[in-house]
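From first to last, the protein sequence lines stand for chains F and Y. Residues in the first sequence are numbered from 1 upward in steps of one, following the numbering used here. Residues in the second sequence are numbered from 1001 upward in steps of one, following the numbering used here. Heads up, the thing below is written out as structure tokens.
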Amino acid sequence: MFFLKRAWRFYLPARFFFAVGQLAARKVLPGGRRQGTRLVSWKVNPAGIQPGNVLRVTDPRAGDCLRRGLAILMLVICFGLTGCLRQDPPADVTIINGAEPQTLDPQIITGQADMRIVSGLFEGLMRLDPKTARAVPGMAERYELSPDGKVYTFHLRTNLVWSTGEPITAEDFVFSWHRALSPDLASEYAGQLYYIKNGEAYNTGKLKDPDQIGVQAVDDHTLRVELEHPTAFFIDLCAFSTLYLVPRQAVEKYGDSWIRLRPLPSCGAFELVAWRLNDKARLRKNPRYWDAANTRSEIIDLLPIASATTALNLYEQGRADIVWDKNLVPSELLDVLIHRPDFHTFDYLGTMFLRFNASRKPFDDPRVRRALGMAIDRQRIVAKITKSGETATSGLVPPGVANYDPVKGLEYNPDAARKLLAEAGYPGGKGFPRFIDLVYGSKLYVDTGVEIQQMWHDTLGIDMELHPLEWKVYLGAQAHLEYDVAQASWIGDYNDAMTFLGMFTSEDGNNHTGWKFPAYDRLIDQAGEQTDVRQREQLFQQAETILVRDEAPIVPIYVYKGVNYFRTNEIQGIWQNLLDDHPLQPIYRVRPTH
Amino acid sequence: MYYLRRLLFAIPLLLVISALAFALVRLAPGGPFDNERVPASPEIQRHLLAKYHLDEPMWKQYLRYLGDLAHGDFGVSLKYRDHSINDIIAEGLPVSMTLGGLAFCFALGVGLPLGFFTAANRGRWPDRVGSWLAMLAVCVPGFVIAPVLIMVFAVKWHWLPVALWESPLHMILPTMALGLYFAGQVARLMREGMLSAMQSEFVTAARSKGLGENELLFKHAFRIAVLPVVSYAGPMLADLLTGSFIIENIFQIPGIGVFLVNGSLNRDYTVVVGLSLLYAMLLIGLNLVVDFAYTLLDPRVKYE
């Protein structure tokens, strides 16, 4: 019966298109019946027309063949059409999520869009509070920290099960973290587990036995984690996707392709109904989630849309309820849209800055770098170019980071800049080599580059060229230090100053400046092991002062603003926070869909 | 026999294409795993490259790829690690083919009558208006046409949806946006073809034998005039069926065109090579179909 119904639904449109196709073929192609119709006229000598004296130069069957071909093509397309279309029932909430997720495997993902879906499907020992984005107990009910700050004991909840019914034990966490660190998985974010004892050694292959990693199941519901050093933000990391729980049985059975398993075992507030490339990911409430009582929506759709205009159009037409990525606001309309009540801006844990290549002349001289830094009028850049209320900043760590009061770096001071440049041997910019600023070829980067180019020219009398590059080329040039100056940005992974300051130590892979400063490294190391919050802050402040004021291998420009849009009278359960993190669980629609 | 030979000849051609695509995409600076954030240890990068055999010499990688290809396996995407190229093609190609097929019908359905009509009225105002429209369709690129269509039909009048791929209504705007350029091309080819056909000797001969004007136009001139359109239709269909990055991006259509462009931006080697091969196969296949159609249309053409 179902089949008949389905076939009937396909038959009618197919028959319609078939008829249209035949009609069209008859009108356009030769060999059809067209008696009595006079479509066009042509000047002809009337004497030439002799009825019955027709010369057949063509084979009439050819026309039939084409006609039939066209009709069959139509039919094929009709079936193709009806085959491709899937009429899903409407979702409670539809969210435009940004780029297509690379994968949904929590231990492999690196992008924010991916994490926003995955955090609905999986969970770690901790989860993020939707209002503040600070870590609160997730699968662990509570934890204890040893007096030396190195051993955490987590007590798991007793009502934990996978959406497919298997119970969850502490042993599953051990398995998951071993997997995240295994060299075979080659997770790009494995570094998030290097704070665990022997984590780095195992990941880099120095240690072969995973049982020596500092994570053990004491019993079914108790997990003991030993760290290399006391780590202030380890609890925040426990809410990060690389440390999420993955379904042991499925991973053991299917290896890396476990994520293609349907139904996919999930331990988060939602389970996966469908995931189609460039189409949508559909999530349904997981009734077996430990906190299912507080899951507010039954079905949530997340659409992967990369075009800002399309996102805005769908939102305006009521097809989408929430758009939560700053890149999904059309930049041409940003300054207008930003004033609408359904557009929400908030402070965000990301900084845009300039990198100098300290391994090249003349940028190996800190005086030159500082002079260039002091010649940048940041207010002008945030007022004229970025336009969504960004805060100009001279420090790298954005304001609002937990337990940290940011320091000031080099403020705008043209006179001091000129003096410093003269001291460095380039009075009035004389003798300063022409150099190159690398930018990623996006409008925002290029516009900012042009502005800085002009400022340096006007204030210091030095000239630079802008080189807008394709993304991977731009990244490669920075990584291999093949540049003079480059624009860059950094988004914090967790709410702590370490995520910003740690990357400029001499050996960090993200340094990319060629700047090596042992005193800075020492301060960061000390801060990393310091358990006292106040002393830790002071160490970080000393380090940041070196970074943005004394040595200036980088010059911070502004702190990002996050933007998302949704109508607060229709959608509730989203709060603005520093990490721009919005768990799916509390989101719901106030009014039913009309 | 002739077609069989052509098909056999396509195999070395595909090998050359795959080798070129394989080498060129690897020569581009940057790799699939060069991201803004460098992993905490260079070892991770090394393991990642080893996992996908990207640390081997290129000839070895290529042989490995050919070996997989012989089993019908295009490999795994390096960016979308859960998806094989076969999955991407299986999910995206039917959608792109549907859209492309519709746009193809649209291009022929609009272009052929328009070209025919303008040629039949050559020199008079319908010809001028029609030719101007065809020219406009050829000149204005898709990324201009698509937003204008959305603006008018979806945003202003609310007749059609702005984007997505859910019902037949969702297909109208992308079909038009994708097909208009080709419709213009077809109209122009058709018009030129008609004009030259009307001047050829067999038409004069037919006319002198007293053939009716309609019959002359439709039955005799049309068949010769449509030949340039037919030879254009092969590559056009291949182009349309493999999807369009711009249209799929603007209308958020889950087709395959997006993957080819994003694949090269992401240095997703396997995607680029796999989709290039797919495109080449379609082009070769459809050109074969075009040559076959020639034998049906033009009695003078015969392949040995």
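From the three backbone atoms N, C-alpha and C, an ideal C-beta is built for every residue, glycine too. Keep in mind it's a predicted model, so treat the numbers as computed, not measured.
For the structure I just gave you, are there three or more beta carbon pairs, one from the region 489–504 of chain F and one from the region 344–357 of chain F, closer than 8 Å? yes
Kindly indicate which residue of F:Arg142, F:Glu200, F:Pro90 has the alpha-carbon position closest to the one of Y:Ser1041. F:Glu200
Chain-ordered residues of the region 162–178 of chain F with a beta carbon less than 9 Å from chain Y: Along the region 162–178 of chain F, none of the residues has a CB nearer than 9 Å to a CB of chain Y.
Quick one, are the C-beta atoms of Y:Gly1285 and Y:Leu1275 less than 8 Å apart? no
Whether or not the region 1209–1219 of chain Y and the region 1146–1161 of chain Y are in contact is what I'm after, with contact meaning three or more pairs of Cβ atoms, one per stretch, closer than 8 Å; do they touch? no
Counting only Cβ-Cβ distances shorter than 8 Å, please list the residues of the region 255–279 of chain F near chain Y, keeping chain order. Residues Asp256, Ser257, Ile259, Arg260, Arg276, Leu277, Asn278, Asp279.
Quick one: Cα of F:Ile300 to Cα of F:Asp219, how far? 36 Å
Helix or strand or just coil, what does DSSP make of F:Ile385? helix
Does F:Gln212 pass the burial test, meaning 16 or more other C-beta atoms within 10 Å, or should it be called exposed? exposed
Quick one: what's got a C-beta closer than 6 Å to F:Asp580's C-beta in the same chain, skipping five residues either side? Tyr348, Gly562
is_contact[Y:His1053, chain F] using C-beta, thresh 8 Å: Proximity of Y:His1053 to chain F, defined by a Cβ-Cβ separation below 8 Å, is not satisfied.
Ranges of the alpha helix (DSSP H) found wholly within the region 325–364 of chain F, counting only runs of at least 4: As far as the region 325–364 of chain F is concerned, its whole alpha helix (DSSP H) runs of at least 4 residues are 334–337.
Once you ignore the five residues that flank F:Thr459 on each side, which residues in its own chain have a CB closer than 8 Å to its CB? Ala375, Pro414, Ala417, Arg418
So which residues on chain Y does F:Thr309 lean against when the C-beta distance must stay under 8 Å? Pro1147, Ile1250
Would Y:Pro1254 pass as an interface residue toward chain F - the criterion being a Cβ-Cβ separation below 8 Å? yes
Residue environment, F:Leu469, which counts as buried when at least 16 other CB atoms sit within 10 Å: Around the beta-carbon of F:Leu469, 16 or more other beta-carbon atoms lie within 10 Å, marking it buried.
is_contact[F:Asn203, chain Y] using C-beta, thresh 8 Å: yes
Would you verify that the beta carbon of F:Glu188 is, or is not, closer than 8 Å to some beta carbon of chain Y? yes
Taking Cβ-Cβ distances shorter than 9 Å, what residues in chain Y pair up with F:Ala358? Simply none; closest approach about 18 Å.
Should the region 233–251 of chain F be called in touch with the region 85–100 of chain F, which here means at least 3 C-beta pairs below 8 Å? no
List the DSSP bridge partners of F:His467. F:Leu438
With 7 Å as the limit, tell me which residues of the region 1061–1073 of chain Y have their beta carbon closer than that to any beta carbon of chain F; keep them in chain order. none
Provide the residue span of the alpha helix (DSSP H) that contains Y:His1170, from first to last. 1168–1198
Tell me the DSSP bridge mates of F:Phe154? F:Tyr143, F:Leu223
Hey, could you find the ends of the beta strand (DSSP E) Y:Tyr1269 is sitting in? Counting along the chain, Y:Tyr1269 sits inside no beta strand (DSSP E); it lies in the alpha helix (DSSP H) bounded by residues 1269–1297.
Meets three-Cβ-pair contact criterion under 8 Å: the region 1156–1173 of chain Y and the region 1197–1205 of chain Y: no
Can you list, in chain order, the residues of the region 89–103 of chain F whose Cβ is nearer than 9 Å to any Cβ on chain Y? Glu100, Pro101, Gln102, Thr103
Let me see if you follow: with CB-CB separation under 8 Å, is F:Ala479 close to chain Y or not? yes
Excluding sequence positions up to five away, which residues of its chain have a Cβ less than 8 Å from the Cβ of Y:Val1076? Tyr1052, His1083, Ser1084, Ile1085, Thr1270
Would you give the residue range spanned by the alpha helix (DSSP H) that F:Met374 belongs to? Segment 366–374, the alpha helix (DSSP H) holding F:Met374.
Quick one: what's got a C-beta closer than 7 Å to F:Asn286's C-beta in the same chain, skipping five residues either side? Ser163, Ser266, Gly268, Ala269, Phe270, Glu271, Ala292
Taking only beta-carbon atoms, is F:Ala527 less than 8 Å away from chain Y? F:Ala527 does not count as touching chain Y.
Y:Glu1192 versus chain F: which residues are under 9 Å apart at the beta carbon? Within 9 Å Cβ-Cβ: nothing; Y:Glu1192 doesn't reach chain F, min ~17 Å.
Could you check whether the Cβ of Y:Val1038 sits closer than 8 Å to any Cβ belonging to chain F? yes
Does the structure place the region 123–130 of chain F close enough to the region 226–238 of chain F that three or more beta carbon pairs sit under 8 Å? yes
Verify whether the separation of the beta carbon atoms of F:Gly476 and Y:Asp1034 is less than 8 Å. yes
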